[in-house]
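In order, the protein sequence lines correspond to chains R and Z.
With our numbering applied, the first sequence covers 93 to 362.
With our numbering applied, the second sequence covers 766 to 1010.
All residues carry an ideal CB built from backbone N, CA and C; glycine is no exception.
Please read all numbers here as calculations on a predicted model, not as lab measurements.
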Amino acid sequence: MLTTIKLTNRIDIDKNKVQIVCSKIELENGMFIPKVESISYSFNDTFPSESKILIRFKLNHFSRTIDCGTLEDISIPSSDALSDMMTYEMDLKCIFCVADPLTNRILASTKGFKHIFHADSGTDNESQLSSISPISIDFRDTGERIWELDHMNQNEKFVKIFFNDRVQNKDSLKKNQLIANMYLPEILYKMILFIIDNNLGDQTRSRETWVGKVNLMLAYFNMTDIPSADDNFLDKEDFISSFISKFLFKNRNSISRNSISKLDEVLSHE
Amino acid sequence: MNNYQCLYRFKEIKSQEFLEIFELKTGNPNYHILTDLNYVEPIEDTGPIEIPGFEDCTNYHAGMVVAAALNQTNKPIRSFFDDIGLWEWVTYAFYDAFHPTTKIGKDIYRYSPAREGAMRNRWTRHHIRTAVWLYDLFGEDSIFYSCNRLGVSSDPSESGVQTSALVEENVCKLFSMLYYDDENNRRKQGYSSKPRPQDNNLGRPGNMFDLIAFLKQLRTTFVVEAASAQELFDLLPNRFDAWKS
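Structural data, given as structure tokens:
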């Protein structure tokens, strides 16, 4: 089992508690540069108010760190601060850091990249799937069930899975790969069947809705020949099953292998 | 030694003429096509270029002369990185300057570069574009990355720049401070020695790979990009001491 022991005092900031809005400025030659429009945060961790905000931007092969003032007084970088990050395809991501202004020690940062713009046209970028999750987890009274699936609405950004709110270790549950392995195949099955039965396959590929995200995932696995609602049920099942196998194989290290080792560990204590 | 009034781009990328030389290795270059407007188009405002002979030419030299021609446009050099026709033309023009052993290489990305967004370890493979990129960023200090004969790749120009966050002036200077022998104008012996069984297959302590790993780890808790090369030098643990002299 993989256990992470943290030896530093650096705090992980939830990526969703940081908002960075950028726009794309088109240049004469058809290339784009990013421009930071606004920066805000809503995390509750307390740091000295004079702590610096640093944002590490990454665009393709180029990185740039920008000083964005302090937690108390955020300063928006000038419009040309990222002018050397020019590109035809804007695939911009960043790491938000809070640093001690005197020692340059990083007190906190978002773990992993927070995507600002995605380049969805290519399929050569391994990192593209990492932030595409169409599923979100929440808690509510689910009676005697451990979890249940919320009503699926094609216009929403996520399909919600609700776990029983009597669960004590809510944060651990969200990260537990064994549990993810238990519900993912069934959820993915239901999501793709919904897309097929409503003829939503391949209509939109975007991160705006969970349907768009699933379509992006299908395209990533070259599964663009999506059955329609009128197709034979067995064809639909074959298609969905093939996708789930490919998805789990791609994520075998993070999901399957971790789950099996976790399962063995749990059973060994019985 | 050939001279051109400006830089050109091939109209067709990965053309038969190009692939015969750089992928199939079945032909000899026909330099007439480099100015034949049936094959190429001039790139506006670029300066003249003199292609150095083989004996003179390192990746650094190539990067310097191409950067000089591109700088005449007054446009950022980065705006040319995805101009694949340009980099193929430059590669073709430098054919005679490539080290002979490299002309049989099979990796087409070393001659016809990967576009942005391609997998990161391919983007840095192009011999000349990477040298131009590094020269544009670090000027003379880029010699640490690019001092090999043209076409002979090296760990600094590949592994050393694949982590884009470490492509910073202070890190470039730190590399030079530790691993470059100024007196002899070459990198110090053993600077990138590969892991050996007798070291339990771990990286050799204090070498360039060790430094990259150290800096990556340091970045999680320290604003490396805000430190000077000397400050980073002073922060290095004891295992780097052997390289400090």
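Counting only beta-carbon separations shorter than 7 Å, does residue i have a partner in chain R?
| i | result |
| --- | --- |
| Ser780 of chain Z | no |
| Ser929 of chain Z | yes |
| Thr759 of chain Z | Summary: the structure shown does not reach residue 759 of chain Z, with chain Z confined to residues 766 through 1010, and so no result is reported for it. |
| Ser844 of chain Z | yes |
| Asp896 of chain Z | Asp is not the amino acid found at residue 896 of chain Z; the sequence shown has Ala there. So no, Ala896 of chain Z is outside the interface. |
| Cys771 of chain Z | no |
| Val831 of chain Z | no |
| Glu881 of chain Z | yes |
| Ala710 of chain Z | With chain Z running from 766 to 1010 in the structure shown, residue 710 of chain Z is simply not present. |
| Trp854 of chain Z | no |
| Trp888 of chain Z | yes |
Which word fits residue i, buried or exposed, when buried means at least 16 other C-beta atoms lie within 10 angstroms of its C-beta?
| i | result |
| --- | --- |
| Asn247 of chain R | exposed |
| Val110 of chain R | buried |
| Gly971 of chain Z | buried |
| Asp137 of chain R | exposed |
| Ser907 of chain Z | buried |
| Gly304 of chain R | buried |
| Thr866 of chain Z | exposed |
| Val358 of chain R | exposed |
| Asp104 of chain R | exposed |
| Val190 of chain R | buried |
| Arg914 of chain Z | buried |
| Ser333 of chain R | exposed |
| Leu308 of chain R | buried |
| Lys790 of chain Z | exposed |
| Asp901 of chain Z | buried |
| Lys938 of chain Z | buried |
| Pro126 of chain R | buried |
| Ser911 of chain Z | buried |
| Asn273 of chain R | buried |
| Ile97 of chain R | exposed |
| Ala1007 of chain Z | exposed |
| Gln220 of chain R | With a pLDDT of 41 at Gln220 of chain R, under the threshold of 50, the predicted position of this residue should be treated as unreliable, though the coordinate-derived value follows. By the neighbour-count rule (16 or more Cβ atoms within 10 Å), Gln220 of chain R is buried. |
Tell me, please, whether the CB atom of residue i is closer than 7 Å to any CB atom in chain Z?
| i | result |
| --- | --- |
| Met182 of chain R | no |
| Thr179 of chain R | yes |
| Ile271 of chain R | no |
| Arg297 of chain R | no |
| Thr100 of chain R | yes |
Pick helix, strand or coil for residue i, following the three-state DSSP scheme.
| i | result |
| --- | --- |
| Asn121 of chain R | coil |
| Glu815 of chain Z | strand |
| Ile238 of chain R | coil |
| Asn256 of chain R | strand |
| Asn350 of chain R | helix |
| Asp821 of chain Z | helix |
| Glu905 of chain Z | helix |
| His361 of chain R | coil |
| Pro865 of chain Z | helix |
| Ile103 of chain R | strand |
| Lys871 of chain Z | coil |
| Lys144 of chain R | strand |
| Lys116 of chain R | strand |
| Arg914 of chain Z | strand |
Legend entry - Contact set between the stretch 155-176 of chain R and chain Z, restricted to residues whose Cβ is under 7 Å from the partner: Ser155, Thr157 and Asp176
Legend entry - Contacting positions in the stretch 794-810 of chain Z - beta carbon closer than 9 Å to chain R: none
Legend entry - Under 9 Å (Cβ pairs) to chain Z, residues found in the stretch 142-154 of chain R: Going along the stretch 142-154 of chain R in chain order, one finds Lys144, Leu146, Arg148, Lys150, Leu151, Asn152, His153 and Phe154 with a Cβ nearer than 9 Å to chain Z.
Legend entry - Touching by the beta-carbon criterion (3+ pairs, under 8 Å), the stretch 890-908 of chain Z and the stretch 803-811 of chain Z: The stretch 890-908 of chain Z and the stretch 803-811 of chain Z do not touch, with fewer than 3 CB-CB distances between them shorter than 8 Å.
Legend entry - Residues from the stretch 181-200 of chain R in contact with chain Z, defined by Cβ distance under 7 Å: Glu181, Asp183, Ala191, Asn196, Arg197 and Ile198
Legend entry - Three-pair Cβ contact test at 8 Å for the stretch 288-295 of chain R versus the stretch 260-279 of chain R: Flag = no, the stretch 288-295 of chain R and the stretch 260-279 of chain R do not touch.
Inset, instruction - Taking only beta carbons into account, state which residues of the stretch 243-261 of chain R come closer than 9 Å to chain Z, listed in chain order. - result: none
Legend entry - Residues from the stretch 107-129 of chain R in contact with chain Z, defined by Cβ distance under 7 Å: Asn121 and Met123
Legend entry - Cβ pair count under 8 Å reaching 3, the stretch 819-839 of chain Z against the stretch 796-803 of chain Z: At 8 Å Cβ cutoff, the stretches do not touch.
Legend entry - Cβ contact (3+ pairs, closer than 8 Å) linking the stretch 788-797 of chain Z and the stretch 827-835 of chain Z: Look at the beta carbons and you see the stretch 788-797 of chain Z not touching the stretch 827-835 of chain Z: under three pairs across the two are nearer than 8 Å.
Legend entry - Stretch pair the stretch 857-864 of chain Z + the stretch 944-960 of chain Z: three plus CB contacts closer than 8 Å: no
Inset, instruction - Tell me, please, whether the stretch 143-159 of chain R touches the stretch 172-192 of chain R by the rule of three or more beta-carbon pairs shorter than 8 Å. - result: yes
Inset, instruction - Inspect the CB distances between the stretch 338-353 of chain R and the stretch 255-267 of chain R and report whether three or more fall short of 8 Å. - result: no
Inset, instruction - Kindly confirm or deny that the stretch 178-185 of chain R and the stretch 150-158 of chain R touch, where touching means at least three C-beta pairs closer than 8 Å. - result: yes
Inset, instruction - Decide if the stretch 984-993 of chain Z is in contact with the stretch 193-203 of chain R; the criterion is three or more beta carbon pairs, one per stretch, under 8 Å apart. - result: yes
Legend entry - the stretch 837-847 of chain Z contacting the stretch 925-937 of chain Z, beta-carbon criterion three pairs below 8 Å: no
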